[in-house]
Amino acid sequence: MSSSTVEYQKKELPAKVKTVGMTLLLVGLIIVVLGYIVNPTRTAYNNIIGFTFLASIGVGSLFFVAIEYLAGAVWSAPFRRVGEFLSSLIIILPLLFIPLLLNMNNVFHWTHPAPADKILVEKAPYLNVNFFIIRVVVFWLLWLAFYYFITKNSRKQDQTKDQLLTKKNIKISALFMPVFALTISFTAIDWLMSLAPHWFSTIFGVYYFSGTVLAALAAATIFIIPLSEKGYLVKGIHTDSYYSLGALLFAFTNFWAYIAFSQFLLIWYANLPEETIWFLARWEGNWKFVTIGLLVFRFLIPYVGLLSQPSKMNPKRLIIMASVILFAHYFDLYWLTAPNFSKGEVTFGWIELGFPIMIAGLIILVFIYKTKKENLVPIGDPKLKRGIDFRL
Amino acid sequence: MMSEKILYSFTAIFDSPDEVSHATEKVVEQGYTKFDVHSPYPLHGMDDAMKLPPSKLGYVALVFGLSGMVAALLTMWWISAVDYPIVIGGKPLFSFPAYIPIVFEITVLSASIATVLAMLFVFFKLPNNSHPLHGTEYMKKVSSDKYGISIQAEDPKFDEASVRKLFESLQAREIYSIYWDNEELTHKHKILEPKFLTFLFVVAIISSGTAYFTLNKLMYMIPFNWMMDQPKQSAQQKSLVFSDGFGMRQPVAGTVARGYMPYEFKGKPDVAGEKLINPIPISIESLKLGQVKFDIYCSPCHGYHAEGNSRLRGQFPNPPSLHSEKVRNWSDGRIFAVLTEGQNIMPSYATQLSVDERWAVINYLRVLQRALDAKETDLQ
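As they're listed, the protein sequences go chains W and L. Those letters in the first sequence? Residues 1212 to 1603, by this note's numbering. Those letters in the second sequence? Residues 116 to 495, by this note's numbering.
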């Protein structure tokens, strides 16, 4: 059972996919640019959703790759490249945070606190424009560095088949864990929680983390299953290998519900005005229906859809559920962000569509670019053969 | 000896997981259904090779989980919204968010307990703890470092010669035939014998009775008695401190209780008539109070209009009319003395009427008297 028995033929993705990606990107980009001209504030709020969504998929995928190395996961070895490709989205993150840094005054009112606002004045040592920009850039550089080292070793292994490279990546992954934990928590606090700077929730970082992992897993699933079913990956992958994807999606759906409910229950029970105001803003007017929709899309549908064992291995079901989960993550970020912009009334229009369309295009194009340059399967990985033979 | 025994199964030993899964696929191909595979550890992909249907255990978990969920929800709803509704923390009686953690826990608890019990008693068929494979050479090998297949004799396609041939063609290392122990076939569970059940019943009664007697009679302790036994003097208790031995002490001479006015003219109504002055000025409130009290305490004998013609007339010595010249000319203090001490057959009303109420009654009596004996000036 040596890894040399793996047969892999590199295949180009159909040109149709690239056309779809290009169209999406162009349409999205036009809407975004128009949005910034017509209504910069509203577009900036959407930009936050877009940035946190893309960061979720990019950084979450890197976390996913790292945790596979750390756990010594065998089943995921044939799929690991998909996670690596998606984590390359880290490189294009500045595309989304630079326009925001230029519009900070519109969305973050802590940038110009009233002198009488004691809370914001006292939070100013952390929440100020300079330190904010430093954090954003430093976090991005950290993610970039870990992305670079992990994928470099992985690529090198395709040629050299050196097993020590796996060991090296395990060490880098171990280092990445605390970095990931801190950067993702502070990203959540900086970009999302500071939109309502008087409000606070100590579990907020974990809340964004749970969504991040879900989004990364769902994005990976959406790519892995069609690629594997249509033979772009290696031959002989059994549906048992999909089981772990389904199980992880199911587990993190529950984790999200657990964290979201923990945040809600404590605030609801204590009933302190300074805390409940945040949930009230999401329960007033027609925001109530958005909140109920969040429960349905983020928890009920994936929970019921992935509960049984066969459904976790059914390719069609997995793609549908992963799409619902990925949509729900965007929906969740919208739910976190938009009520700060329009209180009591749900705003939804063409401006809201710009970023999701653009990001879908970006993801597809980056993925195609990576598939052209690299193998879709880590053919040098010592665990690959065992991963293909994986059975429950 | 051997011929008396009944065949349970034919078993074959293999050296590696790959061989045994290949052999399993062949066994399935031949159409055998009653067979089992044994290995020292779980083999991935064996369910598939054996063509086992998906486990039914998940349904047990689902059904019991859901019923636990519903039971927890209904219980809490009934307790806190129906049977004993108390508003807690300003929350609604049926506060669903507060129930979710408990509903979640009960769901998990009932699902997991039901799963374990169903697994043990339905799927593993406990307490059936004897099996023909136990204690055989075959079982010793497959529980250490070998892999084995056992095809049972009750399989409809079972035939000694063909099974042996199949195993040989699969290059089994060793082939064993496994026989039932006669005792295993004839054995009846002792657990169902009436003698044992009676014994169990008696033991249950004795042990629970002993436990009850020991805990509730022999070892009974008052939970805590710090409030019952306090180092203080109780009323009626003998005192070791005071020389007269009384726990209760007299108040200092001349002490007057709050709200208590001593009556100095006991047995001397005429003196009271001279010295006591009505302190309550005539007012609507005072007269209304006087009327209420008069109607309650005085009217049963003297009548509502103080004419002595009450509903009790004839049952007692007739009470006098209070419109007589004598009473009209009495001072307020003199009447106060009658109310306080009683007169002839009339008892004292000092316990029923407070001092102020007595004066109010007197004020009201004056109104009644005046009503029957108005002055010239009143008519103008």
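Where is the CB? At the ideal position from N, CA and C, for every residue including glycine. Predicted, not measured: the structure shown is a model, and the values here were computed from it.
query: K1221/W classed as buried or exposed, judged by whether at least 16 other C-beta atoms fall within 10 angstroms; result: exposed
query: Nearest to Q406/L (by Cα), restricted to the options T455/L, L468/L and E289/L; result: L468/L
query: Nearest-angstrom Cα separation, counted from L427/L out to I460/L; result: 14 angstroms
query: Which of helix, strand or coil DSSP assigns to V152/L; result: strand
query: Chain W contact residues for H159/L, given Cβ-Cβ distances below 7 angstroms; result: R1602 and L1603
query: Residues of its chain near Y1514/W, where Cβ-Cβ distance is below 8 angstroms and the 5 sequence neighbours each way are ignored; result: F1461, T1464, N1465 and A1468
query: Pairwise C-alpha distance: Y1419/W and M1404/W; result: 10 angstroms
query: Minimum Cβ-Cβ distance from S1421/W to chain L less than 8 angstroms; result: no
query: Integer Cβ distance of Y1454/W from S1384/W, believed to fall under 8 angstroms; result: The Cβ separation is near 23 angstroms, so there is no contact.
query: When Y262/L, W192/L, A452/L and R364/L are compared against K381/L, the one with the closest alpha-carbon; result: A452/L
query: F1542/W and F1566/W closer than 8 angstroms at C-beta; result: no
query: Distance between I1345/W and L1307/W (C-alpha atoms, nearest Å); result: 16 angstroms
query: Proximity of G388/L and G457/L at Cβ, strictly below 8 angstroms; result: no
query: C-beta neighbour in chain W for P168/L, strict 8 angstroms; result: no
query: Coil, strand or helix - A387/L by DSSP; result: helix
query: Neighbour flag for A213/L against chain W, beta carbons, 8 angstroms; result: yes
query: For G418/L, the first and last residue of its enclosing beta strand (DSSP E); result: First-last for G418/L: undefined, no H or E at that position.
query: Residue-chain proximity (D163/L, chain W), Cβ-Cβ < 8 angstroms; result: yes
query: Top-ranked residue by Cα proximity to T1378/W, from P1389/W, P1324/W, Q1370/W and S1365/W; result: First, the amino acid is wrong: residue 1378/W is Lys here, not Thr. Out of P1389/W, P1324/W, Q1370/W and S1365/W, S1365/W has the C-alpha closest to the C-alpha of K1378/W.
query: Below-8 angstroms beta-carbon distance, L1505/W vs any chain L residue; result: no
query: Extent of the continuous alpha helix (DSSP H) run through T126/L; result: T126/L -> not in any alpha helix (DSSP H); beta strand (DSSP E) instead, spanning L122 to F129.
query: Boundaries of the beta strand (DSSP E) in which S265/L is found, first to last residue; result: Y262 to Q267
query: Nonlocal neighbours in the same chain, by C-beta distance under 8 angstroms from N1250/W, ignoring five residues either side; result: I1562
query: Cutoff 8 angstroms: G183/L Cβ touching any chain W Cβ; result: no
query: Spatially closest choice to S401/L from K353/L, R481/L, M363/L and A350/L, by CA coordinates; result: R481/L
query: For S136/L, the three-state DSSP class (helix, strand or coil); result: helix
query: is_contact[Y1480/W, chain L] using C-beta, thresh 8 angstroms; result: yes
query: For E379/L, the three-state DSSP class (helix, strand or coil); result: coil
query: Anticipated Cβ contact below 8 angstroms, L188/L with P200/L, distance rounded; result: Incorrect: roughly 17 angstroms between the Cβ atoms, too far for contact.
query: Close beta carbons around Y464/L, own chain, < 8 angstroms, minus the five adjacent residues each side; result: Y412, L454, T455, G457 and R473
query: Which residues DSSP lists as bridging E289/L, in chain order; result: I128/L
query: G180/L: contacting residues in chain W (beta-carbon distance under 7 angstroms); result: Chain W residues near G180/L: none, gap ~10 angstroms exceeds 7 angstroms.
query: DSSP state of Q406/L mapped onto helix, strand, coil; result: helix
query: Delimiting residues of the alpha helix (DSSP H) encompassing V1244/W; result: A1226 to V1249
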